Each structure stands twice: as C-alpha cells, then as structure tokens.
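Novice: Just dropping this structure here.
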C-alpha cells in the first residue's frame with residue numbers, strides 16, 4: 008500500500024508562533040471562570056494572537072523561513088506546496104499561490120490549498136506523500152496556517168480562551184527523519200454545524216465536539232494500530248490534536264495510556280488547529296528515543312484522521 | 008511513476024447545469040458590445056446562473072445525483088470525496104463535509120476541499136488518483152462546483168458576460184473508462200492579483216490572463232506530450248479550460264492543431280471554472296472514437312495543470 012512512498016517522509020519542520028499573547032488569567036472576571044477551569048479544563052493559560060496586519064500567507068512564509076533556518080531545505084528545489092487553511096487571505100486565489108509568490112518558488116512547483124481544520128495536517132501528510140510519489144517529486148512543503156483570531160468572537164468564552172494563532176511548515180523529502188504508515192480517515196458531515204464560521208464569526212458546540220472526540224478518537228487509534236500491526240505499548244508518543252487538556256486526558260484514559268504519553272502541551276499558545284501536531288513533532292525530530300509516533304487530528308467537519316510515524320533517521 | 012494507480016481511473020461523470028440563464032445579446036446595450044464580440048471574442052452567448060438559495064453544496068449534490076442516474080456508482084461504497092471550489096458554503100467547515108452529510112456517505116469516507124480555480128479538475132484528478140491508490144481505496148468522487156454568480160459584479164462586462172454556474176461529479180473507480188498518464192503543474196504566484204476576489208467581489212485582469220494562457224498552455228502541452236511520449240497527431244481531442252473562444256483559438260493556432268480538435272463549446276453555459284473540462288469529457292465517455300485526450304486547466308493563481316487520458320474501456 009505504501010510501497011511507492013517509502014522514500015518520502017518528514018525531513019524537517021519549521022514553526023512560527025506570534026510573539027503577542029493574551030493571558031487567560033486576565034480574562035477570569037470577564038468570563039466568570041476560575042484558575043482551576045483554566046489550568047485543568049482548558050489547559051490553555053495564554054493564547055497567541057497574530058498582528059492585525061499579518062495575513063495567513065505571512066504566517067505561512069514565516070514558518071517556511073524557520074524551516075529554512077533549521078534544515079538543509081533548498082527552496083529552489085521545491086516541487087510542491089500545499090497550504091492547509093480555512094482562513095485564507097482571499098477565497099480566491101488560493102493562499103498557496105500567494106505564498107508561492109512571496110517565497111519566489113519555481114514556476115514548475117505545484118501549489119494548492121486544502122480546506123480542512125484540526126484534521127488537516129494528518130490528511131495533508133497523506134495527500135502530499137501520495138501526490139509527490141505519484142508525480143515523481145522529491146521535495147515538497149506542507150504548510151498549516153489557520154489563524155482563528157480572524158474569526159473568534161472576543162466575547163465568546165468557548166473559543167477566544169482556547170484558540171491560538173500559529174503556523175508550521177513540514178518538509179517532505181527523500182531523506183526523511185520519519186516515514187508514515189497507513190492512515191485512517193473519517194467524516195460525520197451531518198454534524199457540520201458543531202464548528203462553523205457564519206458571516207465571519209466562529210461558533211462552536213463545545214459539548215458536541217467533546218463527545219465526538221472522546222468517542223471517535225480512541226476507537227480510531229485502535230483501528231490504526233491494528234491496520235499497522237503496531238502494539239499500543241510500542242508507541243512512544245501519541246501526538247493528539249490539542250483540543251483541550253480535559254479532552255486529551257479523557258482520550259488518554261480511554262486508551263489506557265499514561266497522560267505523559269498523550270500530553271496536552273499547548274498551555275502557552277493555545278489550540279492552533281491544523282498546526283497543533285507539527286508544533287509538537289518539531290520538538291522530537293532530534294530525540295532519538297522517540298521512534299514510533301501516533302498522530303491524530305479531529306474537529307471541524309466533523310472530520311478525523313490518524314497516522315503512524317516511524318523514525319528512519 | 009503511475010504504476011500504483013493503473014487500476015484507478017474515470018468511470019463516470021455527472022453534470023449539473025442550472026436551468027436559468029441570461030443571454031449576452033440582452034446585455035449588448037448595457038455593455039456597448041456587438042454580436043461579433045459575443046460570438047467571436049467571448050464565444051459565450053448565454054451564462055447560466057444558479058438559484059439565489061442554491062448553495063455550492065447543493066450544486067455538488069445535484070451533480071452527484073446526475074452521476075448516480077447515469078452510472079453504476081454505489082454511494083454506500085464511496086471511500087473518498089474531494090470538492091474543488093473557491094466559493095464554499097462557508098470558509099469552515101469545508102464544503103465536502105456538508106456534501107458528505109447531504110448525501111449520507113459512509114463515516115469512513117475521507118472528505119476534504121481543494122481550493123483551486125480553473126486548473127482545479129486536472130489537479131484534482133491527480134490528487135484523488137494518488138490519494139486513493141496510496142490508501143487502497145476503490146471508489147471516490149471528485150466534485151467541482153465553483154459558482155461565480157456569488158461574486159461577479161453585475162456591472163463588470165469582463166466577468167458577468169463570461170462566467171457561468173455549473174457542477175460536475177467525476178467518479179474514480181477500479182473499473183475505469185479513461186486512465187491518466189503523467190501530469191504537469193505550474194504556478195506563477197507573483198501574478199496572483201490577475202484574478203482575485205476582494206471583499207466578496209471578483210476582479211479580473213483579462214489581458215494578463217490571456218497573455219499568460221496564450222504563452223504557457225501551448226508550451227505546457229508540448230512538455231506533457233513529450234513526458235508521456237505521445238505524438239500531437241495521435242491526440243483525438245484537446246479539452247482545454249473554456250476561458251473564451253478567442254483564447255482557445257489562439258492556443259489551438261499556437262499548437263498547430265485544427266480548431267475542431269480544441270473547440271470552444273461553452274457558448275450556451277459560459278466559463279464554468281473547474282467544471283469546464285469534465286462537462287466536455289462527459290459527452291465523450293461513450294464515444295469509442297475518442298481514445299486519447301489531452302486536458303489542460305489554467306487561470307486563478309496563476310496556476311495551470313495538464314494531463315493525458317487514455318481510453319481503457
């Protein structure tokens with residue numbers, strides 16, 4: 008099934024986190040919440056917010072610049088650019104075209120956007136691997152940049168205290184650190200209204216999303232492990248979309264894995280949608296003790312996708 | 008290069024064209040143009056316009072229903088749905104999730120949107136073939152639905168006389184009529200402002216788009232033929248994105264192919280963006296004399312992609 012992409016995998020990750028942030032502790036009076044709610048339920052102590060004049064394409068470019076600084080990528084050799092976003096600069100053209108122009112990528116570089124939310128990086132990894140393998144490409148970029156500060160209602164506790172802006176650029180190359188196995192995918196389109204942006208404003212049915220994730224993600228990860236013939240105890244880390252600390256604790260408990268192996272680590276930046284998983288993975292690229300990683304994204308759609316990564320270098 | 012997808016290809020196409028249209032001859036006074044401009048330059052005599060309350064997802068569903076009526080597709084067996092659009096119902100969720108819900112597709116069906124314009128069907132064909140092959144899927148849907156009536160300025164002659172609403176659903180299956188060879192892709196992101204939607208309104212630099220297409224498409228098709236080792240005289244039809252009659256005539260002349268082999272056929276419905284090529288191909292699925300087809304999409308981005316289709320049944 009994965010024969011033609013064995014040579015392609017994740018060779019590097021660049022992350023961009025805006026400098027500006029808002030402390031959730033400063034919002035306790037406004038939203039009538041206490042420290043326990045912030046630390047234990049949400050897990051998010053601070054959300055990052057981009058500058059008002061930073062476009063989604065700017066966040067994407069900054070993540071690619073971080074990747075350039077920390078890896079051997081040669082932008083002149085990039086053959087494919089996929090941007091995952093649901094907050095594009097414009098609805099048309101696609102943001103990937105704008106990023107292509109700003110980076111001065113080659114004319115023969117394929118470029119398009121994928122519209123997906125929290126499941127977007129995992130889906131995107133499968134799409135870019137398959138697309139590059141089939142088209143004989145050797146170097147590509149998967150960029151996630153979905154700044155929810157453009158659409159959150161500042162008076163909506165459910166969302167403004169949770170979501171943070173960020174971007175990540177994942178380099179797919181023939182000399183990878185991690186290669187992927189088989190993926191799972193799922194959709195419950197009938198529940199699409201649980202997380203929706205109407206007239207420029209985000210609304211979230213927090214309970215609906217929680218129930219969905221708490222039920223679907225553990226069963227999906229069990230299916231993934233079975234499909235890939237990997238035992239759960241052989242997984243070093245579960246990099247789960249950072250929905251909230253309570254959500255991750257619930258999923259970890261249902262999988263019977265210790266919380267440290269499926270940690271919530273977004274306390275200082277927030278739920279960064281499709282960037283949540285690559286931000287975590289970036290920290291582990293050089294940690295040789297992390298050899299087998301499960302990734303799972305879930306949310307907007309409703310949509311979910313899981314994958315398994317094996318260290319190869 | 009295409010070894011793993013040889014079994015997958017185009018098994019059927021469903022088309023949805025709205026009933027309502029506007030005659031360009033009725034607009035001659037308003038825009039101070041004559042019949043010659045309409046017939047020879049644009050080539051579009053009539054543009055189709057969806058109902059105001061028809062969402063993009065509704066157009067997509069209607070195209071899938073047409074596919075169901077005209078093919079053996081079993082929606083309960085669909086494993087993948089990609090919607091190509093830059094006019095989604097909402098920016099989030101993706102339109103594919105909404106279509107998934109309206110069609111009642113299986114929970115294990117992967118679903119996402121690709122944001123691309125006129126090059127979108129050709130790109131999408133490569134993406135869905137690669138994605139399905141790599142994930143071991145046997146039946147998938149590539150839907151194009153990009154109703155520009157949502158964004159055209161009724162007073163802008165450049166766009167309102169040109170673009171028409173439509174949708175197409177392409178069934179990708181292991182028992183195909185046409186299989187694809189190698190593809191080409193290209194991007195000139197620096198020129199992204201040539202076709203852009205700002206504050207909900209489309210604007211087009213017609214001269215910029217024309218010059219781009221007239222130069223890039225002929226050279227791209229020559230490259231495509233070389234990559235696939237197909238002689239230009241062995242191509243039965245060139246299905247080129249229906250930019251305008253004058254644009255197609257120019258491209259055909261530069262390729263030294265007779266106009267009939269690269270015809271403009273959108274006179275009664277208009278430039279339907281990413282649906283232009285599948286609408287044409289749908290007419291040829293049962294025509295056994297059409298064995299080798301070149302497809303080429305170009306526009307928004309700026310972006311282009313070409314592919315070659317070989318009849319297998």
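Chains as they are written, first to last, in this note's numbering: chain X, 8 to 320; chain B, 8 to 320.
Cβ atoms here follow ideal geometry from the backbone N, Cα and C, with glycine treated the same way.
This structure is a prediction, so every number in the text was calculated from the model and none was measured.
Helix, strand or coil: which one does DSSP assign to residue 168 (chain B)?
Specialist: The residue you call residue 168 (chain B) lines up with position 161 of the second chain. Coil at residue 168 (chain B), not helix or strand.
Novice: When DSSP labels each residue in this structure, what does residue 257 (chain B) get in the three-state scheme?
Specialist: The residue given as residue 257 (chain B) occupies position 250 in the second chain. Residue state, collapsed to three classes: helix.
Novice: Write down the C-beta distance between residue 143 (chain B) and residue 89 (chain B) rounded to the nearest angstrom, noting that I regard them as a contact closer than 8 Å.
Specialist: In the second chain, counting from the first residue as 1, residue 143 (chain B) sits at position 136. In the second chain, counting from the first residue as 1, residue 89 (chain B) sits at position 82. Rounded, the Cβ-Cβ distance is 17 Å, inconsistent with contact.
Novice: Using a Cβ distance threshold of 8 Å, determine whether the region 268-286 of chain X contacts the region 199-218 of chain X, with at least three qualifying pairs required.
Specialist: no
Novice: Beta strand (DSSP E) containing residue 151 (chain X): first to last residue?
Specialist: Working through the first chain from its first residue, we reach residue 151 (chain X) at position 144. Taken as a continuous stretch (DSSP letters only), the beta strand (DSSP E) holding residue 151 (chain X) covers 146-152.
Novice: Could you check where the beta strand (DSSP E) with residue 120 (chain X) kicks off and where it finishes?
Specialist: Locating residue 120 (chain X) in the first chain gives position 113, where the first residue counts as 1. Taken as a continuous stretch (DSSP letters only), the beta strand (DSSP E) holding residue 120 (chain X) covers 117-122.
Novice: Quick check: residue 306 (chain X) and residue 124 (chain X), are their CB atoms within less than 9 Å of each other?
Specialist: Here residue 306 (chain X) refers to the residue found at position 299 of the first chain. Here residue 124 (chain X) refers to the residue found at position 117 of the first chain. Contact flag set, yes.
Novice: Would you kindly work out how many angstroms separate the C-alpha atoms of residue 15 (chain B) and residue 266 (chain B), rounded to a whole number?
Specialist: As a first step, residue 15 (chain B) is located in the second chain; it is residue number 8 there, counting from the start. As a first step, residue 266 (chain B) is located in the second chain; it is residue number 259 there, counting from the start. Those two C-alpha atoms are separated by around 31 Å.
Novice: Using a Cβ cut-off of 9 Å (strictly closer), state whether residue 181 (chain X) contacts chain B.
Specialist: In the first chain, the residue the question calls residue 181 (chain X) occupies position 174. Taking a beta-carbon distance threshold of 9 Å, residue 181 (chain X) does not count as an interface residue toward chain B.
Novice: According to DSSP, is residue 223 (chain X) part of a helix, a strand, or is it coil?
Specialist: Here the question's residue 223 (chain X) lines up with position 216 in the first chain. DSSP places residue 223 (chain X) in helix when its eight states are reduced to three.
Novice: Beta-carbon within less than 6 Å of residue 292 (chain B)'s beta-carbon, same chain only, minus the 5 sequence neighbours each way: which residues are those?
Specialist: For the purposes of this step, residue 292 (chain B) is taken as residue 285 along the second chain, with counting starting at 1. So the list reads 184, once near-sequence residues are dropped.
Novice: Inspect the beta-carbon positions of residue 179 (chain X) and residue 135 (chain X) and report whether they are closer than 9 Å.
Specialist: Sequence index remark: in the first chain, residue 179 (chain X) carries index 172 (1-based). Sequence index remark: in the first chain, residue 135 (chain X) carries index 128 (1-based). Closer than 9 Å, so yes.
Novice: Examine the Cβ distances between the region 299-317 of chain X and the region 226-236 of chain X and report whether three or more of them are shorter than 8 Å.
Specialist: yes
Novice: Quick one, are the C-beta atoms of residue 254 (chain B) and residue 272 (chain B) less than 9 Å apart?
Specialist: Start at 1 with the first residue of the second chain, and residue 254 (chain B) comes out as number 247. Start at 1 with the first residue of the second chain, and residue 272 (chain B) comes out as number 265. In this structure, residue 272 (chain B) does not lie closer than 9 Å to residue 254 (chain B) by Cβ.
Novice: Around the Cβ of residue 181 (chain B), are there at least 16 other Cβ atoms within 10 angstroms (buried) or fewer (exposed)?
Specialist: As a position in the second chain, residue 181 (chain B) is number 174, starting the count at 1. Counting Cβ neighbours within 10 Å, residue 181 (chain B) comes out exposed, since fewer than 16 surround it.
Novice: Can you have a look at residue 294 (chain B) and say buried or exposed, based on whether 16 or more other CB atoms are within 10 angstroms of its CB?
Specialist: Counting from one through the second chain, the residue named residue 294 (chain B) turns up at place 287. Classification for residue 294 (chain B): exposed.
Novice: Going by DSSP, what residue range makes up the alpha helix (DSSP H) through residue 66 (chain B)?
Specialist: Working through the second chain from its first residue, we reach residue 66 (chain B) at position 59. Here the alpha helix (DSSP H) through residue 66 (chain B) covers 63-77.
Novice: Hey, is residue 66 (chain X)'s beta-carbon within less than 9 Å of any beta-carbon in chain B?
Specialist: In the first chain, counting from the first residue as 1, residue 66 (chain X) sits at position 59. No, residue 66 (chain X) does not count as interfacial toward chain B.
Novice: Taking the alpha helix (DSSP H) that residue 287 (chain B) falls in, what are its first and last residues?
Specialist: Taking the second chain and counting its residues from 1, one reaches residue 287 (chain B) at position 280. For residue 287 (chain B), the enclosing alpha helix (DSSP H) has its first and last residue at 283-289.
Novice: To the nearest whole angstrom, what separates the beta carbons of residue 243 (chain B) and residue 319 (chain B), a pair I think is in contact under 8 Å?
Specialist: By 1-based counting over the second chain, the position of residue 243 (chain B) is 236. By 1-based counting over the second chain, the position of residue 319 (chain B) is 312. That pair is no contact at about 14 Å.
Novice: Compare the beta carbon distance of residue 195 (chain B) and residue 86 (chain X) with 9 Å and say whether it is the shorter of the two.
Specialist: Residue numbering aside, residue 195 (chain B) sits at position 188 when the second chain is read from its first letter. Residue numbering aside, residue 86 (chain X) sits at position 79 when the first chain is read from its first letter. No, Cβ-Cβ distance for residue 195 (chain B) and residue 86 (chain X) is not below 9 Å.
Novice: Would residue 213 (chain X) count as contacting chain B if we go by Cβ distances under 9 Å?
Specialist: Here the question's residue 213 (chain X) lines up with position 206 in the first chain. Chain B, which has no Cβ nearer than 9 Å to the Cβ of residue 213 (chain X), makes this no.
Novice: With a cut-off of 9 Å, does the C-beta of residue 219 (chain X) fall near any C-beta of chain B?
Specialist: Residue 219 (chain X) sits at position 212 when you count from the first residue of the first chain. With 9 Å as the cut-off, residue 219 (chain X) does not count as an interface residue toward chain B.
Novice: So, does the CB of residue 146 (chain B) fall closer than 9 Å to a CB anywhere in chain X?
Specialist: Numbered from its first residue, the second chain carries residue 146 (chain B) at position 139. Chain X contact via Cβ: absent.
Novice: Just to confirm my understanding: we take residue 219 (chain X), look at its own chain, exclude 5 residues before and 5 after, and list those with CB closer than 6 Å. What are they?
Specialist: Position 212 of the first chain, counted from the start, is the residue given in the question as residue 219 (chain X). For residue 219 (chain X), where only same-chain residues beyond five positions count, the Cβ hits under 6 Å are 309.
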